[in-house]
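Trainee:
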Amino acid sequence: MDLNWVRTFIIAAESNNFRKTAELLYISQPTVTVHIKQLEKEVGTDLFVRDGRNVSLTEPGRMYLKHAKKLLSLHDDGIADLHSFQQGYSSKLTIGISPIIADTILPYVLKKFVESHPNIEINVKIIESINIEQAVGGEEVDIGFSCLPKRELDIYCYPLYDDSLVLVVPHDGYDSETGSPLEEEEMFQNHTLLTHNHPGYWEELCQKIKVKYPFTKMMKVSQTHITKRFITEGLGMSILPKSTVRRELLEGRFLEVDCRSINLPSARTYALIKYEHSIQREFLSFLSKYRI
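Under the numbering used here, the first residue of the sequence shown carries the number 943, and numbering increases by one thereafter.
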């Protein structure tokens, strides 16, 4: 069986159109037709129902599609492993990182790890914390860094560190000598609070804030980097892990407000793994030398 037939079949099954399949694969439409006919002859059944320019899968076609994808995936993975070996890599580590954690110094740690382990090929997938457990359990990634602990799957979960939370507002343009003190109550009264950019603490924290400052306006913003952009543009303030706003505070783009009347929780980071293999242990050991 020619794997080009299988690849053409999968694209045609997803596009439901032989002409579009030809465009996506940069081949002629007659070639697409030949590939499908050859594959149908190989498997001994019709895979498509033709309806003018459009096509749709037959019942056997739908059944075969999942196997075709597995077959092509195994082939592509094998080629990728051979290329990695030819490039000098002896092993591979795929890491899943939540967008929030990716915004810390983790990229710096990854750089140092790559420099000290040139024989390990690193692949990184940015995955929302709520989906990392599933990615680890399904072996899409070898290790996941999440803002949430495991919930259901039988995998290992290691708390890495606790990050303090800080209330940050846009810089007011004054220096420390000429500017007025930043009062917590005034900040909650005059700024919109940008919430839900972290999956671990906002529900409980919002309830505390509503009790203490019921007049506070809130806006849900699902991504930390968007939240920071909104703060820079003067759209509001937020309560974020200190590691994610360290640079903005140092560069003077944000100001930290002392939050005394509300007990701010901490943001915890977890490492999730399915197998305690040597490469996972080596990476966690290396990571433990740094304060993310």
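All C-beta atoms, glycine included, are put in the ideal place defined by N, C-alpha and C.
1. Nearest CA to the CA of I1037: which residue from A1044, G1020, K1053 and N1065?
2. Taking all protein chains shown into account, decide if E1063 is buried (16 or more other Cβ within 10 angstroms of its Cβ) or exposed.
3. Can you grab the Cα-Cα spacing for the pair N996 / L1035, in whole Å?
4. Using DSSP with H/G/I as helix, E/B as strand and the rest coil, what is F1225?
5. What's the C-alpha gap between L1014 and I1042?
6. To which residues of the same chain is L966 closer than 6 Å at the C-beta, ignoring the five residues directly before and after it?
7. Rounded to the nearest angstrom, what separates L1095 and K983 at their Cα positions?
8. Exposed or buried, K1170, counting other C-beta atoms within 10 Å across all chains shown (16 or more means buried)?
9. Helix, strand or coil, according to DSSP, for D1104 in the structure here?
10. Which residue or residues does DSSP assign as beta-bridge partners of Y1260?
11. Give the single residue among V1111, P1156, K1231 and V1051 whose Cα lies nearest to the Cα of L1191.
12. Considering just the uninterrupted stretch of the beta strand (DSSP E) at K912, what are its terminal residues?
13. Ignoring anything shorter than 3 residues or poking outside the region 1031-1067, list the beta strand (DSSP E) runs there in chain order.
14. Does DSSP classify A955 as helix, strand or coil?
Mentor: On the basis of the coordinates in this document:
1. N1065
2. buried
3. 42 Å
4. helix
5. 34 Å
6. I953
7. 43 Å
8. buried
9. strand
10. Only positions 943 to 1234 of the chain appear in this structure, which leaves residue 1260 out of reach.
11. V1111
12. The chain is shown only over 943 to 1234; residue 912 falls outside these bounds and no answer can be derived.
13. 1033-1039
14. helix
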